[in-house]
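Numbering (full-length UniProt numbering), first residue to last: 1 to 93.
Just so you know, even glycine gets a beta-carbon here, dropped at the ideal spot from N, CA and C.
As the structure is a computational prediction, the values presented were derived from the model and not from experiment.
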Amino acid sequence: MLLSVIWLIAFAVILALLIKNWDSSVNAALDRLLPAVLRSDDDRWVWCPAIAVLVATTIVSPIDMLMTLLVIGLLLLIGIKLGCWVMGKVKFH
């Protein structure tokens, strides 16, 4: 129960800070990172809660987030290597 309360408080604080600073810093950073296809006119109500969930979860359970990122990275590396190997075996006519 205590972890849930801490997570909710962290989520609310981070969400409020992100929404408050959207025009000055967050929007500019996302514009540099995201391709044009992923941007729209009002991204504030999509990206702010998503970032707040990730940061609040990282604050409450950092080891779980680290392990999740390691597993995702490992799967991505295996997928890339496997894809390169398959493309090398394919014969194009």
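Alpha-carbon spacing of residue i relative to residue j, whole angstroms
i	j	result
L70	L82	18 Å
D23	R32	14 Å
A87	I14	A quick correction: the sequence has Met, not Ala, at residue 87. If you take the alpha carbons of M87 and I14, they lie about 44 Å apart.
W7	I59	8 Å
I51	I78	27 Å
G73	I80	10 Å
L2	L75	33 Å
C84	V90	10 Å
Residue i, DSSP secondary structure in three states
i	result
S61	coil
V46	helix
S40	coil
M67	helix
K89	helix
L34	coil
N27	helix
Rounded Cβ spacing between residue i and residue j (contact assumed at less than 8 Å)
i	j	result
I19	R39	Not a contact, Cβ separation roughly 18 Å.
F11	A56	4 Å
W47	L66	Not a contact, Cβ separation roughly 22 Å.
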